[in-house]
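Asks:
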Amino acid sequence: MHYQTESWGSYIPATTMTVGGDPLERIERLASESAVVIFSMSTCCMCHAIKRLFCGMGVNPTVHELDEDPIRGKDMEKALMRLLGNSSTAAVLPVVFIGGKLVGSMDRVMASHISGTLVPLLKDAGALWL
Amino acid sequence: MSSSSTQFATSRQMGIYEPFRQVSMWKDTFGGDNLSYTGASTIGEVDAKLENKFELVSHESVQPSGNDEEGNKSSDKAQRRLAQNREAARKSRLRKKAYVQQLETSRLKLAQLEQELERSRKQGLYVGSPLGTSHVGFSGTVNSGIMAFEMEYGHWVEEQHKQNCELRNALQAHAADIQLRMLVESALNHYYSLFRMKADAAKADVFYLVSGIWRTSAERFFLWIGGFRPSELLTVLLPQIEPLTDQQVLDVGNLQHSSQQAEDALSQGIDKLQQSLAHTMAADPMSGDTYGSQMAAAVEKLDELESFVSQADHLREQTLRRMSSILTTHQAARGLLALGEYFRRLRALSSLWAARPCEPV
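In structure tokens form, the structure reads like this:
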């Protein structure tokens, strides 16, 4: 999924412009730093499950625990919520990026794995060999 | 009185007491506990009927007592006595037959009542019975959500059975693929509709769903996060869908692998949730002011449980969808028949188990 930060930038309210730039930019930057990036919460059990899923597949994901970032964590969580199109306040995390592209939450990852599209995606991103 | 009257008294005694002896024999044969159920009012009626007939016999025996004086009449008497005995014996046999039939029907009725009682007892927990109110209080809306689910699920099982029969008939009749396709689609959609029902029930009370109390006992034994394991599904299906093409073998193998991995991941997530909840509940009992925040944290964890149930059902649905896309129509039909039959047998096993003869307490 390719998104243009300029147009996104016009939708981000000024109040979220904290130190380090706008949260969406930060998310995008972090997402492109590794093959598999998971935005998580250290206390969240579904996040734990998704980490176990990737580790069980032999993938070594980069995990960002948003609750361990007191300044930017909340904003990033809200930004992710908007990105996913979540209107409800229900848990948005974990959110997975593969090869810098947004894959989604737990249900998207599982659906992708069952349908057999996850493994090729991981291979393309260089997260899996063989 | 003369000897004949004594003899007559004996036969009269025989006439009265024989049925009594027979009744007590019947009671022993068919189990004393059967007679203690108040629900079997028909047995009480039978007892009353038998008593009336005993009185009849005694009346009949009493009447001719004045006429036994001469020898001629005594042989007539003997004849009449024998005839009366035969008559009494015949009536006794008829009564025994009626009694046995009443016992049999009462036993069947009893088994049915016990099943109904078990089901309504489960519902009773939500209908504000004395037992129910002692548990954590449920709001009115929660009760109705669960009760609605129970009813809907009952219908779902019936419909499932019907669809399975249709599948079986179609396969036996070597129906065309078009017909099979329709049946396969209905069967799959039927499973998907169950997942939607469960989602509503989870909102009403996730613990209820996860306890599996809405399922039969044998099904409960296999329960994994509120339903069947996707890997279990594949185990049931695979023997029924052979032969497979090479590509199918590959795809099915991948599906087994990926569904197992997803299952394991969710299991580990649930374990972590249990640990986390236990940890929250086990916090320092001495500090009274953290009780509120403890409970608040615990309630948040319960929301997570709902999302796990949702993910588990999602996994079940995805596995079914993927499987149906790998298989041909005919294979899918056989597979779904096997799956439906599997669950039906588990339910039958549960009924057998519930109806097994118990040791008297």
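Each protein sequence line maps, in turn, to chains G and C.
When the first sequence is numbered by UniProt numbering, its final residue is 130 and no position is left out of the sequence of numbers.
When the second sequence is numbered by UniProt numbering, its final residue is 361 and no position is left out of the sequence of numbers.
Where is the CB? At the ideal position from N, CA and C, for every residue including glycine.
Computed from a predicted model, the values in this text were never measured in an experiment.
1) Who are the near neighbours of residue 234(C) in its chain, counting only those whose CB is closer than 8 Å to its CB and skipping five residues on each side?
2) In the DSSP output, what is residue 64(G) paired with across the bridge?
3) If you measure beta-carbon to beta-carbon, which residues of the stretch 249-262 of chain C are closer than 8 Å to chain G?
4) Among 154(C), 177(C), 105(C), which has the Cα closest to the Cα of residue 120(C)?
5) Determine the DSSP secondary structure at residue 71(G), reduced to helix, strand or coil.
6) Can the beta-carbon of residue 171(C) be found closer than 8 Å to that of residue 333(C)?
7) Can you tell me which of the three DSSP states residue 98(G) falls into?
8) Determine the contact status of residue 76(G) and residue 94(G), defining contact as a CB-CB distance below 8 Å.
9) Would you call the stretch 53-73 of chain G and the stretch 286-302 of chain C touching, i.e. three or more CB-CB distances under 8 Å?
10) Confirm, please, whether the CB-CB distance from residue 38(G) to residue 96(G) is below 8 Å.
11) Can you name the start and end residues of the alpha helix (DSSP H) that residue 357(C) belongs to?
12) Within the same chain, show all residues whose beta-carbon is closer than 7 Å to that of residue 188(C), passing over the 5 residues directly before and after it, in chain order.
13) Which one of 176(C), 204(C), 290(C), 98(C) has the shortest CA to CA distance from residue 144(C)?
14) Any idea what DSSP makes of residue 224(C), helix, strand or coil?
15) Taking Cβ positions only, does residue 67(G) come closer than 8 Å to chain C?
16) Quick check on DSSP: helix, strand or coil for residue 59(G)?
17) Looking at the strands, I want to know which residues DSSP matches up with residue 104(G).
18) Have a look at residue 216(C) and residue 335(C) and give me their C-alpha separation to the nearest angstrom.
19) Quick check on DSSP: helix, strand or coil for residue 244(C)?
20) If the criterion is Cβ atoms closer than 8 Å, does the pair residue 167(C) and residue 337(C) meet it?
21) What are the start and end residues of the alpha helix (DSSP H) that includes residue 386(C)?
22) Relative to the C-alpha of residue 53(G), which candidate in 36(G), 21(G), 29(G) has its C-alpha closest?
23) Buried or exposed, going by whether 16 or more other CB atoms sit within 10 Å of the CB of residue 206(C)?
24) Excluding five sequence neighbours on each side, which residues of the same chain lie with their C-beta closer than 8 Å to the C-beta of residue 284(C)?
25) Pick helix, strand or coil for residue 43(C), following the three-state DSSP scheme.
26) Can you give me the Cβ contacts of residue 231(C) inside the same chain, cut-off strictly under 8 Å, excluding the 5 residues immediately before and after it?
27) Around the Cβ of residue 126(G), are there at least 16 other Cβ atoms within 10 angstroms (buried) or fewer (exposed)?
28) For the alpha helix (DSSP H) that residue 182(C) lies in, which residues bound it at each end?
29) Thinking C-beta only, is residue 241(C) closer than 8 Å to residue 115(C)?
30) Can the beta-carbon of residue 42(G) be found less than 8 Å from the beta-carbon of residue 68(G)?
31) Specify the secondary structure class of residue 47(G) as computed by DSSP and reduced to three states.
32) Check whether the Cβ of residue 266(C) lies closer than 8 Å to any Cβ atom in chain G.
33) Decide if residue 151(C) is buried, meaning its Cβ has at least 16 other Cβ atoms within 10 Å, or exposed.
34) Tell me which residues share the same chain as residue 160(C) and place their Cβ nearer than 7 Å to its Cβ, disregarding the 5 neighbours each side in the sequence.
35) In whole angstroms, what separates the C-alpha of residue 302(C) from that of residue 57(G)?
36) Report yes if the CB atom of residue 356(C) is closer than 8 Å to the CB atom of residue 228(C), and no otherwise.
Replies: A quick look at the data gives this:
1) In the second sequence, counting from the first residue as 1, residue 234(C) sits at position 234. So the list reads 252, 255, 256, 259, 319, 323, once near-sequence residues are dropped.
2) Within the first sequence, residue 64(G) is the residue found at index 64, counting from 1. Per DSSP, the beta bridge partners of residue 64(G) are 39(G).
3) If the cut-off is 8 Å between Cβ atoms, the stretch 249-262 of chain C has 251, 254, 255, 258, 259, 261, 262 near chain G.
4) Taking the second sequence and counting its residues from 1, the one referred to as residue 120(C) is at position 120. Nearest Cα to residue 120(C) within the set 154(C), 177(C), 105(C): 154(C).
5) Residue 71(G) sits at position 71 when you count from the first residue of the first sequence. Coil, per DSSP.
6) Walking along the second sequence from the start, residue 171(C) turns up at place 171. Walking along the second sequence from the start, residue 333(C) turns up at place 333. A contact, by the Cβ cut-off of 8 Å.
7) As a first step, residue 98(G) must be located in the first sequence, where it is residue number 98. Three-state DSSP puts residue 98(G) in a strand.
8) Taking the first residue of the first sequence as 1, we reach residue 76(G) at position 76. Taking the first residue of the first sequence as 1, we reach residue 94(G) at position 94. Going by C-beta atoms, residue 76(G) is not nearer than 8 Å to residue 94(G).
9) Taking a contact to require three or more Cβ pairs closer than 8 Å, the stretch 53-73 of chain G and the stretch 286-302 of chain C do not qualify as touching.
10) By one-based count along the first sequence, residue 96(G) stands at place 96. By one-based count along the first sequence, residue 38(G) stands at place 38. Cβ atoms of residue 96(G) and residue 38(G): closer than 8 Å.
11) On the second sequence, position 357 is the one that residue 357(C) refers to. In the DSSP annotation of this structure, residue 357(C) is not part of any alpha helix (DSSP H), being labelled neither H nor E.
12) Counting from 1 along the second sequence, the entry for residue 188(C) is found at position 188. Same-chain partners within the cutoff: 320, 324.
13) The residue given as residue 144(C) occupies position 144 in the second sequence. The shortest Cα separation from residue 144(C) among 176(C), 204(C), 290(C), 98(C) belongs to 204(C).
14) If you number the second sequence from 1, residue 224(C) lands on position 224. In the structure shown, residue 224(C) sits in a strand (DSSP, three-state: E or B).
15) On the first sequence, residue 67(G) is found 67 positions in, with the first residue counted as 1. In terms of beta-carbon proximity, residue 67(G) stays away from the interface with chain C, with every pair separated by 8 Å or more.
16) The residue given as residue 59(G) occupies position 59 in the first sequence. In the displayed model, residue 59(G) falls within coil according to three-state DSSP, outside both helix and strand.
17) As a working note, residue 104(G) is residue 104 in the first sequence. Answer is 96(G), bridged to residue 104(G).
18) Position 216 of the second sequence, counted from the first residue, corresponds to residue 216(C). Position 335 of the second sequence, counted from the first residue, corresponds to residue 335(C). Taking the straight line from one Cα to the other gives about 22 Å.
19) The residue given as residue 244(C) occupies position 244 in the second sequence. It is coil, neither helix nor strand.
20) Locating residue 167(C) in the second sequence gives position 167, counting from the first residue. Locating residue 337(C) in the second sequence gives position 337, counting from the first residue. Result yes, Cβ atoms of residue 167(C) and residue 337(C) sit closer than 8 Å.
21) The requested residue 386(C) is not part of the displayed model; chain C covers only 1 to 361.
22) For the purposes of this step, residue 53(G) is taken as the residue at position 53 of the first sequence. Residue 36(G) is the option with its Cα nearest to residue 53(G).
23) Within the second sequence, residue 206(C) is the residue found at index 206, counting from 1. In this structure residue 206(C) is buried. Its beta-carbon is surrounded by 16 or more other beta-carbon atoms within 10 angstroms.
24) On the second sequence, position 284 is the one that residue 284(C) refers to. So the qualifying residues of the chain are 290.
25) On the second sequence, position 43 is the one that residue 43(C) refers to. Because residue 43(C) carries a pLDDT of 45, less than 50, the predicted location of this residue cannot be relied on, and the following value inherits that uncertainty. Helix, per DSSP.
26) Counting from one through the second sequence, the residue named residue 231(C) turns up at place 231. Once the five neighbours on either side are set aside, the close Cβ partners of residue 231(C) are 256, 259, 260, 263.
27) Residue numbering aside, residue 126(G) sits at position 126 when the first sequence is read from its first letter. Looking at its Cβ environment, which holds fewer than 16 other Cβ atoms inside 10 Å, residue 126(G) is exposed.
28) The count along the second sequence starts at 1 and reaches residue 182(C) at position 182. Note, residue 182(C): alpha helix (DSSP H), 177-204.
29) Taking the second sequence and counting its residues from 1, one reaches residue 115(C) at position 115. Taking the second sequence and counting its residues from 1, one reaches residue 241(C) at position 241. By the CB criterion at 8 Å, residue 115(C) and residue 241(C) fall outside the cutoff.
30) As a working note, residue 42(G) is residue 42 in the first sequence. As a working note, residue 68(G) is residue 68 in the first sequence. Their beta carbons are under 8 Å apart, which means residue 42(G) touches residue 68(G) by this criterion.
31) Here residue 47(G) corresponds to residue number 47 of the first sequence, with the count starting at 1. In the structure shown, residue 47(G) sits in a helix (DSSP, three-state: H, G or I).
32) Taking the second sequence and counting its residues from 1, the one referred to as residue 266(C) is at position 266. Taking Cβ atoms only, chain G reaches closer than 8 Å to residue 266(C), which makes this a yes.
33) Position 151 of the second sequence, counted from the first residue, corresponds to residue 151(C). When all chains shown are included, residue 151(C) counts as exposed.
34) As a first step, residue 160(C) is located in the second sequence; it is residue number 160 there, counting from the start. By the criterion of a C-beta distance shorter than 7 Å, residue 160(C) is surrounded in its chain by 190, 340, once the five residues flanking it on both sides are discounted.
35) Residue numbering aside, residue 302(C) sits at position 302 when the second sequence is read from its first letter. Residue numbering aside, residue 57(G) sits at position 57 when the first sequence is read from its first letter. Between residue 302(C) and residue 57(G), the C-alpha separation is close to 28 Å.
36) One-based indexing of the second sequence puts residue 356(C) at position 356. One-based indexing of the second sequence puts residue 228(C) at position 228. One thing to note: residue 356(C) has its Cβ no nearer than 8 Å to the Cβ of residue 228(C).
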